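Novice:
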Ligand SMILES: C[S@@+](CC[C@H](N)C(=O)[O-])C[C@H]1O[C@@H](n2cnc3c(N)ncnc32)[C@H](O)[C@@H]1O
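Residue numbers (the working numbering): 19 to 305.
1. Output needed for residue 275: all residues of its chain with C-beta closer than 6 Å, excluding positions within five of it in sequence on either side, in chain order.
2. Can you tell me whether residue 257 is helix, strand or coil according to DSSP?
3. May I ask you to report which of helix, strand or coil DSSP gives residue 275?
4. What residue ranges within the segment 141-175 form continuous beta strand (DSSP E) runs of no fewer than 3 residues, ordered along the chain?
5. Taking residue 19 as part of the alpha helix (DSSP H), name the residues at either end of that continuous run.
6. Does ligand 1 have a heavy atom nearer than 6 Å to the CB of residue 188?
7. To the nearest angstrom, report how far apart residue 269 and residue 263 are at their CA atoms.
8. How would you label residue 224, buried or exposed, when you count the other beta carbons within 10 angstroms and need 16 or more for buried?
9. With a threshold of 6 Å, establish whether the CB of residue 69 neighbours any heavy atom of ligand 1.
10. Based on Cα-Cα distance, which residue from 116, 159, 71 lies nearest to residue 90?
11. Go ahead and pull the three-state DSSP assignment for residue 101.
12. I'd like the span of the alpha helix (DSSP H) that includes residue 59, first residue to last.
13. Which whole-angstrom value is the C-beta distance of residue 139 and residue 148, which I expect to be below 8 Å?
14. Below 8 Å, can you find three or more Cβ-Cβ pairs linking the segment 155-175 to the segment 103-116?
15. Which one of 260, 289, 22 has the shortest CA to CA distance from residue 78?
16. Return the Cβ separation of residue 44 and residue 55 in integer angstroms, given the expectation that the two are a contact with Cβ distance under 8 Å.
17. Determine the burial state of residue 288: buried for a count of at least 16 other Cβ atoms within 10 Å of its Cβ, exposed for fewer.
18. Applying the 10 Å Cβ sphere with the 16-neighbour rule, what's the burial state of residue 105?
19. Straight-line CA distance for residue 119 to residue 217?
20. Quick one: Cα of residue 65 to Cα of residue 160, how far?
21. If you follow the beta strand (DSSP E) that residue 205 is in, where does it begin and where does it stop?
22. Which same chain residues end up closer than 7 Å to residue 186 when comparing Cβ atoms and leaving out the 5 residues on each side of it in sequence?
23. By the DSSP assignment, the alpha helix (DSSP H) with residue 298 in it spans what residues?
24. Leaving out the 5 sequence neighbours to the left and right, which residues in its chain are closer than 6 Å to residue 240 when beta-carbon positions are compared?
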């Protein structure tokens, strides 16, 4: 990340913020606010760097992929799992378009962050206990994103650990996703690692968007993820892969069906996803 310390929006003279708007960030402390808007919550996902990825997401991010899925398959009674769904915003979009479905599980490896509030500063910790984000009166900083910031913030983080701050766990699920879950028992969420087998009933459809990408993982790891998904799916089960624009490519998506030991290609949204070659190579038989 370039400049892993940023000024917070609304805490500086208006003229200064206006003249350098793109450097200013929304305050991640809003994640602790029960009345935070869905839009701000979603925007704040861009501040959450956990593991090898960022929780960045957007509303209406996968229109072509969602259409590909809906037009290609009969989703009546389908159990759908959306792995790496971030705060569930794109799941909310897809669910709104589904004529009907069986169950929908929003899955992600990182749904919880621990926080500690000391004075005006909130420290956010990943599941390994590393402080990944700290937000104070005027600045937000990402200690794991730069050696210098890690070094400079170490004394503060150490002192915060010694003081008895207020501890709270934050659930990184968008208010809109929570509202959907509260009103529809078919919709749930689950902590899940895309590189491990799915526990319980096998889903009919697995969607993975903007996670299995070369930007984040090498080919060996990506093959491991694809093979795990192949093994989870029953015969005839489907895998939807979505990539949003990067390296000058427009959004692209591919739909694949498990046929025997491998994936058969069902269709794309115009362009194959980045790891199409890996998906069509993977086989349970040769693994
Ligand atoms: C770039 S975001 C994509 C969010 C959403 N799918 C979208 O397209 O807007 C990647 C997501 O994958 C999650 N993630 C990272 N590693 C994961 C893993 N091993 N298993 C499951 N989810 C993971 C991150 O927490 C993050 O929410």
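The beta carbon of each residue, even a glycine, is placed where N, CA and C say it ideally should be.
Just so you know, these numbers come straight off a predicted model, no measurement behind them.
Specialist: The relevant details are as follows:
1. Position 257 of the chain shown holds residue 275. Cβ within range, chain order: 256, 282, 284.
2. Taking the first residue of the chain shown as 1, we reach residue 257 at position 239. Look at residue 257 here: in three-state DSSP terms it is strand.
3. Residue mapping note: residue 275 aligns to position 257 of the chain shown, counting from 1. Shown here, residue 275 sits in a strand according to DSSP, grouped into three states.
4. Every unbroken stretch of the beta strand (DSSP E) spanning 3 or more residues and falling wholly within the segment 141-175 is given here in chain order: 149-153, 157-159.
5. Indexing the chain shown from 1 puts residue 19 at position 1. Where residue 19 is concerned, there is no enclosing alpha helix (DSSP H), given that its DSSP letter is neither H nor E.
6. Start at 1 with the first residue of the chain shown, and residue 188 comes out as number 170. No.
7. Taking the first residue of the chain shown as 1, we reach residue 269 at position 251. Taking the first residue of the chain shown as 1, we reach residue 263 at position 245. Rounded to the nearest whole angstrom, the C-alpha separation of residue 269 and residue 263 is 5 Å.
8. Looking up residue 224 in the chain shown gives position 206. By the Cβ-count criterion, residue 224 is buried, with 16 or more other Cβ atoms from all chains shown falling within 10 Å of its own Cβ.
9. Counting from 1 along the chain shown, the entry for residue 69 is found at position 51. Placement of the Cβ of residue 69 at a distance of less than 6 Å from at least one heavy atom of ligand 1 is found.
10. Translated into positions along the chain shown, residue 90 becomes position 72. Of 116, 159, 71, the residue nearest in Cα terms is 116.
11. Taking the chain shown and counting its residues from 1, the one referred to as residue 101 is at position 83. Correct three-state label for residue 101: strand.
12. Residue mapping note: residue 59 aligns to position 41 of the chain shown, counting from 1. Residues 56-62.
13. Taking the first residue of the chain shown as 1, we reach residue 139 at position 121. Taking the first residue of the chain shown as 1, we reach residue 148 at position 130. Contact doesn't hold; Cβ gap of about 16 Å is too wide.
14. No, the segment 155-175 does not touch the segment 103-116.
15. The residue labelled residue 78 in the question sits at position 60 within the chain shown. The shortest C-alpha separation from residue 78 is found at 260.
16. Stepping through the chain shown from its first residue, residue 44 is reached at position 26. Stepping through the chain shown from its first residue, residue 55 is reached at position 37. Cβ-Cβ separation between residue 44 and residue 55: approximately 11 Å, too far for a contact (criterion under 8 Å).
17. Numbered from 1 along the chain shown, position 270 holds the residue referred to as residue 288. Exposed, since its Cβ has fewer than 16 Cβ neighbours within 10 Å.
18. Position 87 of the chain shown holds residue 105. Burial state of residue 105 is buried, judged by a 10 Å Cβ sphere holding 16 or more other Cβ atoms.
19. As a first step, residue 119 must be located in the chain shown, where it is residue number 101. As a first step, residue 217 must be located in the chain shown, where it is residue number 199. Approximately 20 Å, taken between the alpha carbons.
20. Here residue 65 refers to the residue found at position 47 when the chain shown is read from its first residue. Here residue 160 refers to the residue found at position 142 when the chain shown is read from its first residue. Going from the Cα of residue 65 to the Cα of residue 160 covers about 8 Å.
21. Reading the chain shown from its first residue, position 187 is the one you call residue 205. It spans 205-209 - the beta strand (DSSP E) in which residue 205 sits, taken as one unbroken run.
22. If you number the chain shown from 1, residue 186 lands on position 168. The residues are 50, 133.
23. Taking the chain shown and counting its residues from 1, one reaches residue 298 at position 280. That run of the alpha helix (DSSP H) goes 294-299.
24. For the purposes of this step, residue 240 is taken as residue 222 along the chain shown, with counting starting at 1. Answer for residue 240: 230, 293, 296, listed in chain order.
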